[in-house]
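Heads up: the structure comes next, in structure tokens.
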Amino acid sequence: MNDIFLDKNENPFDIPDSIKYQLLEYIKKTKLNRYPEKGLPMLLEKIGDFLGVTGENIIAGNGSDELLSLIIGDVRGNIVINTPTFEMYSFYAKNFDYNTINIPLNDDFSINTDSIMSKKNAKLIILCSPNNPTGNIIKRSDVEKILDMNIPTVLDNAYFEFSGEEYIDLIDDYDNLIILRTFSKAFSMAGLRVGYGIANKNLAKKLKEKQSPFYLNLLSSKMAEIMIDNYSTVQEHLRYIIDERERVYRHIKELAYPSRANFLLLKRDIYDYMRKNGVYIRKLPFMDNSSRLTIGKREENDIAIKLIEDYIQS
Ligand code: PMP
1 MNDIFLDKNE NPFDIPDSIK YQLLEYIKKT KLNRYPEKGL PMLLEKIGDF LGVTGENIIA
61 GNGSDELLSL IIGDVRGNIV INTPTFEMYS FYAKNFDYNT INIPLNDDFS INTDSIMSKK
121 NAKLIILCSP NNPTGNIIKR SDVEKILDMN IPTVLDNAYF EFSGEEYIDL IDDYDNLIIL
181 RTFSKAFSMA GLRVGYGIAN KNLAKKLKEK QSPFYLNLLS SKMAEIMIDN YSTVQEHLRY
241 IIDERERVYR HIKELAYPSR ANFLLLKRDI YDYMRKNGVY IRKLPFMDNS SRLTIGKREE
301 NDIAIKLIED YIQS
């Protein structure tokens, strides 16, 4: 049996050939000796239209990771994060010689708003919703309370499409908010590295000034545009993954927390056990006694369920 990879929160569906061919057609008729148009305005317009905002509200980058690095690198001071959360926030902070102020999540994984609001000198606040690895979303009213502090705030919304919880309208009221999203998860494009931010025009403009003019290659940016044109395929995959998430959760709920993303946080570190049985899940270095299972295709999930059920019974 081949190993099964349920460790990186990737989409289990590759982009269908019929859609990949659209990129091949584009490659055939495109001069690859030329740079992309400065600032890739077509991509920004396309994403803006898709979301019901404008290209001026959008900044794109080589994965949302790159945008995180750009934003964190631009901050001169402490960054508030809510732990456990996505580990790249503290990775980039360290790269730039900053500290993160780590505020533990409450027992139900909600953010500790009082504690965050006491950090009045923070230069940046990072919220992650749905949070990786806990899988829960942040209540809109809590997001608003934090935004009212008027400190630049990133809302990392990488798993938005699996949750349905929308925050974009908040950019009209808050010029300190940047929402980060990605083509890596719902859009099956992790290998092509396209992420984007949504913000008020002034903030988006300020951030874009820090970018190199050709921040993405022609092929990745074109594929993102093609995937937007094929959103019905994305939606089909989303429905499948969300149904599977609920099915897997029902089977293993003794050992898992509910989730609004494409993964489940497990209440034990079963990495070694799963790995011995050919299934790679994510070990969580900052969370003892936990691990994380990405939702895969049905047959992969069946194998994971069986292994976890056996583990629960033993
Ligand atoms: N934010 C979160 C919460 C993530 O889990 C990930 C990917 N694991 C990212 C951002 C980075 O995504 P991208 O592939 O767009 O760099």
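Counting with this note's numbering, you get residues 1 to 314 for the letters of the sequence shown.
We put the beta carbon where it would ideally sit given N, CA and C, even for glycine.
How many Å lie between residue 56 and residue 184 at the Cα?
Position 56 of the sequence shown, counted from the first residue, corresponds to residue 56. Position 184 of the sequence shown, counted from the first residue, corresponds to residue 184. Looking at the two C-alpha atoms, the distance is approximately 22 angstroms.
In terms of alpha-carbon separation, which member of 23, 71 and 265 lies closest to residue 93?
Mapped onto the sequence shown, residue 93 falls at position 93. Minimum Cα distance to residue 93 is reached at 71.
Going by the beta-carbon positions, is the gap between residue 198 and residue 255 smaller than 7 angstroms?
Locating residue 198 in the sequence shown gives position 198, counting from the first residue. Locating residue 255 in the sequence shown gives position 255, counting from the first residue. Not closer than 7 angstroms, so no.
Would residue 294 and residue 9 qualify as a contact pair, given that the criterion is a beta-carbon distance under 7 angstroms?
Within the sequence shown, numbered from 1, the residue matching residue 294 stands at position 294. Within the sequence shown, numbered from 1, the residue matching residue 9 stands at position 9. When the beta-carbon positions are compared, residue 294 and residue 9 come within less than 7 angstroms of each other.
Given 8 angstroms as the limit, is there contact between the segment 75–86 and the segment 210–218, that is, 3 or more CB pairs closer than that?
no
Can you tell me whether DSSP reads residue 122 as helix, strand or coil?
One-based indexing of the sequence shown puts residue 122 at position 122. Correct three-state label for residue 122: coil.
Measure how close the beta-carbons of residue 264 and residue 249 come, nearest whole angstrom, since I'm counting them as under 8 angstroms.
Taking the first residue of the sequence shown as 1, we reach residue 264 at position 264. Taking the first residue of the sequence shown as 1, we reach residue 249 at position 249. Indeed, because the Cβ distance is near 6 angstroms, the residues count as touching under 8 angstroms.
Consult DSSP for residue 263 and reduce its assignment to one of helix, strand or coil.
Locating residue 263 in the sequence shown gives position 263, counting from the first residue. Strand, per DSSP.
Taking the alpha carbon of residue 98 as the point to measure from, which residue in 69, 112 and 108 has its own alpha carbon closest?
Taking the first residue of the sequence shown as position 1, residue 98 is located at position 98. Comparing Cα-Cα distances from residue 98 to each of 69, 112 and 108, the minimum goes to 69.
Say the cut is 6 angstroms; is the CB of residue 109 nearer than that to a heavy atom of ligand 1?
By 1-based counting over the sequence shown, the position of residue 109 is 109. Checking every heavy atom of ligand 1 against the Cβ of residue 109, none is found closer than 6 angstroms.
Give a yes or no on whether the C-beta atoms belonging to residue 59 and residue 47 are separated by under 7 angstroms.
Residue numbering aside, residue 59 sits at position 59 when the sequence shown is read from its first letter. Residue numbering aside, residue 47 sits at position 47 when the sequence shown is read from its first letter. Not closer than 7 angstroms, so no.
List the residues that DSSP assigns as beta-bridge partners of residue 112.
The count along the sequence shown starts at 1 and reaches residue 112 at position 112. In the DSSP assignment, residue 112 is bridged to no other residue.
Measure the alpha-carbon distance for residue 102 versus residue 119 and round it to whole angstroms.
Start at 1 with the first residue of the sequence shown, and residue 102 comes out as number 102. Start at 1 with the first residue of the sequence shown, and residue 119 comes out as number 119. Each residue's alpha carbon lies about 11 angstroms from the other.
Going by C-alpha distance, which of 226, 75 and 302 is nearest residue 42?
The residue you call residue 42 lines up with position 42 of the sequence shown. With distances taken between Cα atoms, residue 42 lies closest to 226.
Which residues does DSSP list as the beta-bridge partners of residue 291?
What you label residue 291 is simply residue 291 of the sequence shown in a count that begins at 1. Partner(s): 266 and 283.
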